[in-house]
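Visitor: Below: one structure in structure tokens.
Number of protein chains: 2
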Amino acid sequence: MPSSLDIERILRSAELRVTRPRMAVLSAVHEHPHADTNSLIDDVRRHLGEVSHQAVYDVLQALTAAGLVRRIQPSGSLARYEARVADNHHHIVCRSCGAVADVDCSVGFAPCLTPSEAHGYAIDEAEVIYWGLCPTCSAHTH
Amino acid sequence: MPSSLDIERILRSAELRVTRPRMAVLSAVHEHPHADTNSLIDDVRRHLGEVSHQAVYDVLQALTAAGLVRRIQPSGSLARYEARVADNHHHIVCRSCGAVADVDCSVGFAPCLTPSEAHGYAIDEAEVIYWGLCPTCSAHTH
DNA sequence: AACAAGACTTGACTCATTCCAGAAAAGCCC
DNA sequence: GGGCTTTTCTGGAATGAGTCAAGTCTTGTT
């Protein structure tokens, strides 16, 4: 888990100003991968006291634009954020409880980046989401 | 394009009652693949006159539950529906205008259904979304 | 220390989607 | 076809994530 000095260094290396909300949000994303925006807001407030939700939205957008954080949004769930970026991994989402887990790329490097027919699109990313039931939920259905 | 008789047959085969809104919605999804809910509402009203948006939402949910229609919702766009189901195809989404195109499965049958490590999840579907720029938008950026 | 650019706060607002309760229609049995 | 049950449709109001805009405060710099 990155120390607050690490966090600061990460922000500076992305040429982002270092502010308390930004530190807190980036730490929160590192500590709680796949957390949705509301959880992050709660977590940030737990550390800093009152922070406007708008600030958190802004920060998340800035971090995403800077590539420090990745936004994922499986159908039907809220926006979630994670700090693992640039390593081409994918996600498993539980249909029942919405839990998210990481999966490494199944077919080696940038596997699915070549669809059979691209219709003239210039493709730059292949996002893979596996749907299923997490261990807990599949246990409950028996 | 299915005739209204086909549409009726499809509904009955799924044990759904045949109502005018359902016929209209299912036709609209067949005619406009990847249309969002509002476009579908407009289209249905063009054919039937006034129909409550609630009815369209209900019908879409019923059709989705019955497996006659598939709901897709790429990050940041509204819910979209398509009538191609159960053939394991994927989508290309334009980052700029949100246009959606179909792509057949890149690696043959159910390709990505085997992640390297499933974390105990029981996986039933692999959803792949390719992100990029559609021909029109990539032309405009030059 | 002071400046300019960039962040944060506040509060109102948008808009897709959902909830609710009553009215209407469809399917089914006779 | 008529009556009964069940499901669907209507209309309006509510929910809630996310956005906008104007003003104030910070950060990093000169």
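If you're matching them up, the sequences are chains V and P in order. Take the first sequence: its position 30, counted from the start at 1, is 29 in numbering that gives the first Met the number 0, and no numbers get skipped. Take the second sequence: its position 13, counted from the start at 1, is 12 in numbering that gives the first Met the number 0, and no numbers get skipped. Cβ coordinates follow ideal geometry from the N, Cα and C atoms, glycine included. Remember, predicted model here, so these are calculated numbers, not experimental data.
Would ILE128/P and HIS89/P qualify as a contact pair, given that the criterion is a beta-carbon distance under 8 Å?
Guide: Taking the second sequence and counting its residues from 1, the one referred to as residue 128/P is at position 129. Taking the second sequence and counting its residues from 1, the one referred to as residue 89/P is at position 90. The answer is yes: Cβ separation under 8 Å.
Visitor: Give the straight-line distance between the Cα atoms of SER2/V and SER12/V, rounded to the nearest whole angstrom.
Guide: Within the first sequence, the letter at position 3 stands for residue 2/V. Within the first sequence, the letter at position 13 stands for residue 12/V. Each residue's alpha carbon lies about 15 Å from the other.
Visitor: Can you tell me whether VAL102/V is helix, strand or coil according to DSSP?
Guide: Numbered from its first residue, the first sequence carries residue 102/V at position 103. Three-state DSSP puts VAL102/V in a strand.
Visitor: If TYR80/V and LEU39/V are in contact, beta carbons under 8 Å, what's the gap, nearest whole angstrom?
Guide: For the purposes of this step, residue 80/V is taken as residue 81 along the first sequence, with counting starting at 1. For the purposes of this step, residue 39/V is taken as residue 40 along the first sequence, with counting starting at 1. Indeed, because the Cβ distance is near 7 Å, the residues count as touching under 8 Å.
Visitor: Between the Cα of VAL68/V and the Cα atoms of PRO134/V, SER137/V, ALA98/V, ILE9/V, which residue gives the shortest distance?
Guide: Looking up residue 68/V in the first sequence gives position 69. Ranking PRO134/V, SER137/V, ALA98/V, ILE9/V by Cα distance to VAL68/V puts ILE9/V first.
Visitor: Between SER76/P and GLY97/P, which are expected to be in contact by the criterion C-beta below 8 Å, what is the C-beta distance as a whole number of angstroms?
Guide: Position 77 of the second sequence, counted from the first residue, corresponds to residue 76/P. Position 98 of the second sequence, counted from the first residue, corresponds to residue 97/P. About 5 Å separates the two Cβ atoms, so the contact holds.
Visitor: Taking the straight line between their C-alpha atoms, what separation do you get for TRP130/P and SER137/V?
Guide: The residue given as residue 130/P occupies position 131 in the second sequence. The residue given as residue 137/V occupies position 138 in the first sequence. Roughly 32 Å separates the two Cα atoms.
Visitor: Can you tell me which of the three DSSP states ASP86/V falls into?
Guide: Numbered from 1 along the first sequence, position 87 holds the residue referred to as residue 86/V. Coil.
Visitor: Compare the C-beta of GLY148/P with all C-beta atoms of chain V and state if any pair is closer than 8 Å.
Guide: The displayed coordinates of chain P run from 0 to 141. Any statement about residue 148/P would go beyond what the structure contains.
Visitor: Using CA atoms only, rank isn't needed, just tell me which of ARG16/P, ASP101/P, GLU7/P is closest to ILE91/P.
Guide: Here residue 91/P refers to the residue found at position 92 when the second sequence is read from its first residue. When each option's Cα is compared against that of ILE91/P, the closest is ASP101/P.
Visitor: Going along the chain, which residues of its own chain have a beta-carbon closer than 8 Å to the beta-carbon of VAL43/V, five neighbours each way excluded?
Guide: Counting from 1 along the first sequence, the entry for residue 43/V is found at position 44. Around VAL43/V: PRO20, ALA23, VAL24, ALA27, VAL50, VAL55.
Visitor: Does DSSP classify TYR120/P as helix, strand or coil?
Guide: Stepping through the second sequence from its first residue, residue 120/P is reached at position 121. Three-state result, TYR120/P: coil.
Visitor: At 9 Å on the CB atoms, spell out the chain P contacts of GLY131/V, in chain order.
Guide: For this step, residue 131/V is matched to residue 132 along the first sequence. Going along chain P in sequence order, the residues near GLY131/V (Cβ under 9 Å) are ALA117, TYR120, ALA121, ILE122, ASP123, GLU124.
Visitor: Got a sec? Which residues, its chain only, sit under 6 Å from ILE6/P by beta carbon, not counting five neighbours each side?
Guide: Against the second sequence, residue 6/P aligns to sequence position 7. Hits under 6 Å: MET22, LEU25, SER26.
Visitor: To the nearest angstrom, how far is the alpha carbon of ASP41/V from that of ALA78/V?
Guide: Locating residue 41/V in the first sequence gives position 42, where the first residue counts as 1. Locating residue 78/V in the first sequence gives position 79, where the first residue counts as 1. Taking the straight line joining both Cα atoms gives about 15 Å.
Visitor: Identify the continuous alpha helix (DSSP H) that holds GLU30/V and give its terminal residues.
Guide: Taking the first sequence and counting its residues from 1, the one referred to as residue 30/V is at position 31. It spans 19-30 - the alpha helix (DSSP H) in which GLU30/V sits, taken as one unbroken run.
Visitor: Determine the closest residue to ILE122/V out of LEU132/P, LEU15/P, ASP103/P, ALA117/P, with distance taken between C-alpha atoms.
Guide: Position 123 of the first sequence, counted from the start, is the residue given in the question as residue 122/V. The shortest Cα separation from ILE122/V among LEU132/P, LEU15/P, ASP103/P, ALA117/P belongs to LEU132/P.
Visitor: For the alpha helix (DSSP H) holding GLU7/V, just list the boundary residues, first then last.
Guide: Taking the first residue of the first sequence as position 1, residue 7/V is located at position 8. Taken as a continuous stretch (DSSP letters only), the alpha helix (DSSP H) holding GLU7/V covers 3-12.
Visitor: Please report the residue range of the alpha helix (DSSP H) in which ARG44/P lies.
Guide: Your numbering for residue 44/P matches position 45 in the second sequence. Where ARG44/P is concerned, the enclosing alpha helix (DSSP H) stretches over 36-47.
Visitor: Quick check on the burial criterion: 16 or more other C-beta atoms within 10 angstroms. Buried or exposed for VAL58/P?
Guide: What you label residue 58/P is simply residue 59 of the second sequence in a count that begins at 1. Buried, because 16 or more other Cβ atoms sit within 10 Å of the Cβ of VAL58/P.
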